[in-house]
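> Before I ask anything, let me first share the structure, which is written out below as structure tokens.
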Amino acid sequence: MALACRNAASPEARRSVASVAVSPGSAVVPVGQSVQLTAVPLDAHGTPLAGRAIVWATSDSSVATVTSGQVAGLAPGRATITATSEGRSGASNVTVTAPGGSVPDPTLLPEATPSQAPLTALYDLLHVPALAPGQSYLDPTTGATIYRLTSATFPTTSADWGHDYAEGGDEIGLPYRDSTRAVLVHGDDGYWLVDFTPGAGVTNGRPLTGGFAPVHDQAFAFSTNPATPWYAYVSNGSSVRRLDVRTMTEAPGDGWPVANEPEAVWLQQSERDGLFVWMRGQSGPTVVGYEPATGTLKTYSDSGIDEPRIDRAGRYVGLTMARPSEALYLWDWSADSIVWRTGGDPGIPFIHVASLADRWYGVDWNLAPPYQYVVFDPVTRSATRLGGPTNSGDEYGNGNWIQHPANLNDQWALFSHFEGLAPPAGDGWLAPGGMVFVTANGQRRLLGHPYTTITEAASYALASFVRLSSDGRYAMFTSDMNGSGRTDVFLVRVP
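The numbering of the sequence shown is the working numbering, which starts it at 2 and goes up by one.
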């Protein structure tokens with residue numbers, strides 16, 4: 002029998018490169034910093050090919066250089082980074098920004114399109130479940146930096162970590178010591194604060210116990226006032242207290258604590274901690290509006306109330322009604338009266354909306370899919386469809402970022418899909434399953450994908466539910482890391 006030639010090519014070696022996948026597809030890097038790109042040669046069936054040479058190139062070496070996929074930002078501008086293998090190329094669009102920018106700019110992110118489905122194969126190559134708390138990865142589509150905050154052993158032993166679901170109080174604090182900010186997470190044994198410092202990781206895990214243990218979900222909120230970033234507010238089952246996260250001690254005064262509030266949930270506030278809103282009990286029927294500067298407390302009661310939504314400008318409270326279903330009752334706190342009612346289902350629903358200044362953004366899911374975004378204006382008392390498609394049917398809007406654009410319709414809200422990787426295919430969703438920044442004036446930008454497979458049926462409380470910080474710099478989400486078997490909390494940096 003003839004011997005096989007020792008130099009015969011292996012089946013993989015005989016396969017030619019049909020394309021090159023570069024991850025992330027876009028990235029933002031400040032001047033003086035760098036970002037690592039990854040290139041994977043693929044055959045005609047999309048199977049990765051090992052051992053193939055890759056040549057990297059930049060379209061503008063004055064803006065960014067590249068060595069073995071490591072991109073260094075040299076000057077503000079844009080450059081296309083190309084990876085070539087056997088005549089086939091893939092690219093990443095890199096934006097280099099001036100150092101030290103303090104205001105987030107979602108326009109640096111890619112425009113959201115229906116083609117941006119989760120890139121699970123590239124995500125799995127990042128080995129996110131192996132990251133230690135404080136380590137980061139780049140979203141495969143957008144290049145946004147995403148930090149892992151928790152693990153099986155940090156801040157303590159827990160099978161799963163998550164955060165409060167749905168719109169409400171701020172769960173990411175403002176920087177209270179240099180660039181360090183506190184973040185609220187919950188595990189098997191209750192609520193914890195952890196400190197996050199960019200470039201240094203996560204530290205100082207401490208439990209919320211005793212008088213600072215939240216009575217329920219949605220019973221905690223960090224300060225939105227840049228002058229007092231070390232404060233947080235918690236409903237503990239008897240009162241609403243102010244906490245100093247530096248010392249983990251009560252900070253009385255300035256209208257705090259508020260006594261005789263045994264179950265204040267859906268705790269949230271307007272800009273600079275001006276007006277606080279909560280509901281007495283998880284099912285109402287009373288909503289409280291409290292102005293600590295004057296000690297003024299007003300209430301509105303209705304047996305049909307489901308949950309409240311603050312106006313970040315500090316005058317209106319939008320009440321989502323269970324009866325009539327998904328209707329809006331607009332409570333003018335200053336005038337102490339209901340000044341607008343909508344019909345709700347089957348009309349435009351007021352639920353899972355994002356709370357902005359004199360605006361709420363939502364989704365009209367009573368239309369045929371893929372649905373349309375909606376803006377509610379409490380001043381003109383109007384609800385207007387913004388057009389579609391939206392990024393999900395199981396959507397959730399967050400408006401914790403407090404902004405001051407010249408045109409209030411230029412405020413950004415963040416919409417996310419909260420049930421599994423992506424909604425069913427075939428409905429034309431925008432960046433299906435992604436975290437999408439939206440304005441009423443037509444901006445649609447993709448922040449990234451949470452890559453969680455958790456569904457509402459499995460655990461509503463551990464769905465992704467993306468939440469912004471009040472300065473808009475970070476968003477948090479829960480993820481099981483593409484079905485890893487556990488959930489953890491992540492922070493994504495907004496460029």
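Glycine included, each C-beta is placed from N, C-alpha and C at the ideal position.
(1) Report yes if the C-beta distance between arginine 474 and proline 105 is below 7 Å; otherwise report no.
(2) Check whether the Cβ atoms of proline 451 and serine 480 lie closer than 7 Å to each other.
(3) With DSSP collapsed to three states, give me the class of glutamate 396.
(4) One question on the structure: do tyrosine 362 and glycine 398 come within less than 7 Å of each other, judged by their Cβ atoms?
(5) DSSP three-state label for tyrosine 317, please.
(6) Leaving out the 5 sequence neighbours to the left and right, which residues in its chain are closer than 7 Å to serine 1 when beta-carbon positions are compared?
(7) Can you tell me whether methionine 2 is buried or exposed, with buried defined as 16 or more other CB within 10 angstroms of its CB?
(8) Apart from the five residues on each side of it in sequence, which residues of its chain come closer than 8 Å, Cβ to Cβ, to serine 63?
(9) Taking the alpha-carbon positions, what's the threonine 151 to valine 364 distance?
(10) Using only the alpha-carbon positions, how far apart do alanine 355 and arginine 468 sit?
(11) Let's see if you can read the secondary structure: which residues bound the beta strand (DSSP E) around tyrosine 124?
(12) In the DSSP assignment, the beta strand (DSSP E) including serine 460 goes from what residue to what residue?
(13) Under the three-state reduction of DSSP, which class applies to glutamate 272: helix, strand or coil?
(14) Using three-state DSSP, classify arginine 494 as helix, strand or coil.
(15) When the Cα of leucine 1 is compared with those of Asn401, Pro371, Gln136, Asp395, which residue comes out closest?
(16) Beta-carbon separation of valine 241 and alanine 265 under 7 Å?
(17) Just the C-alpha distance for glycine 285 and arginine 273, rounded to the nearest angstrom, thanks.
(18) Does the separation of the CB atoms of leucine 329 and phenylalanine 351 fall below 7 Å?
(19) In this structure, does DSSP put alanine 369 in helix, strand or coil?
(20) Based on Cα-Cα distance, which residue from Tyr291, Ala426, Asp378, Asn401 lies nearest to asparagine 408?
(21) Taking alanine 414 as the reference, which of Ile403, Thr85, Leu175, Pro227 has the closest Cα?
(22) Confirm, please, whether the CB-CB distance from serine 393 to serine 465 is below 7 Å.
(23) Which same chain residues, not among the five before or five after asparagine 442, have their C-beta less than 6 Å away from its C-beta?
(24) When DSSP labels each residue in this structure, what does arginine 324 get in the three-state scheme?
(25) Would serine 86 pass as a contact of valine 36 if the rule is Cβ separation under 7 Å?
(26) Tell me whether the beta-carbon of glycine 429 lies closer than 7 Å to the beta-carbon of proline 115.
(27) Threonine 146 and serine 159 - do their beta-carbons sit closer together than 7 Å?
(28) Just mark valine 278 as buried or exposed, buried being the case when its beta carbon has 16 or more other beta carbons within 10 Å.
(29) How close, in whole Å, do the beta carbons of valine 97 and isoleucine 82 come, if the pair is a contact with beta carbons under 8 Å?
(30) I'd like to check one pair, valine 184 with tryptophan 503: are the Cβ atoms closer than 7 Å?
(31) What whole-angstrom Cβ distance do glycine 91 and valine 21 have, given they're in contact under 8 Å?
(32) What are the partner residues of glycine 388, as DSSP defines its beta bridges?
(33) Identify, in the order they occur along the chain, each residue of the same chain with its Cβ nearer than 6 Å to the Cβ of asparagine 226, setting aside the five sequence neighbours on each side.
(34) Excluding the 5 residues flanking tryptophan 366 on each side, which residues of the same chain have their C-beta closer than 7 Å to its C-beta?
(35) Whose C-alpha, out of Ile311, Glu327, His353, Pro390, is nearest the C-alpha of aspartate 359?
(36) Considering only C-alpha positions, which residue in the set Thr59, Arg247, Thr39, His217 is nearest to threonine 229?
This is what the structure gives:
(1) yes
(2) yes
(3) strand
(4) yes
(5) strand
(6) The structure shown does not extend to residue 1, since the chain is modelled only from 2 through 496, so no value can be given for it.
(7) Low confidence applies here, because methionine 2 scores a pLDDT of 39, under 50, leaving its location unreliable; read the following figure in that light. Result: exposed.
(8) Leu75, Ala76, Gly78
(9) 31 Å
(10) 10 Å
(11) It is not in any beta strand (DSSP E) - tyrosine 124 instead sits in the alpha helix (DSSP H) that spans 121 to 126.
(12) It is not in any beta strand (DSSP E) - serine 460 instead sits in the alpha helix (DSSP H) that spans 457 to 460.
(13) helix
(14) strand
(15) The structure shown has nothing for residue 1, since the chain only spans 2 to 496.
(16) yes
(17) 26 Å
(18) yes
(19) coil
(20) Asp378
(21) Ile403
(22) no
(23) Asn410, Asp411
(24) coil
(25) no
(26) yes
(27) no
(28) buried
(29) Going by Cβ atoms, the distance from valine 97 to isoleucine 82 rounds to 11 Å, so no, they are not a contact pair.
(30) Examination of residue 503 is not possible in this model, given that the chain is present from 2 through 496 alone.
(31) 4 Å
(32) Tyr374
(33) Arg273, Asp274
(34) Pro350, Tyr372, Gly394
(35) Ile311
(36) Arg247
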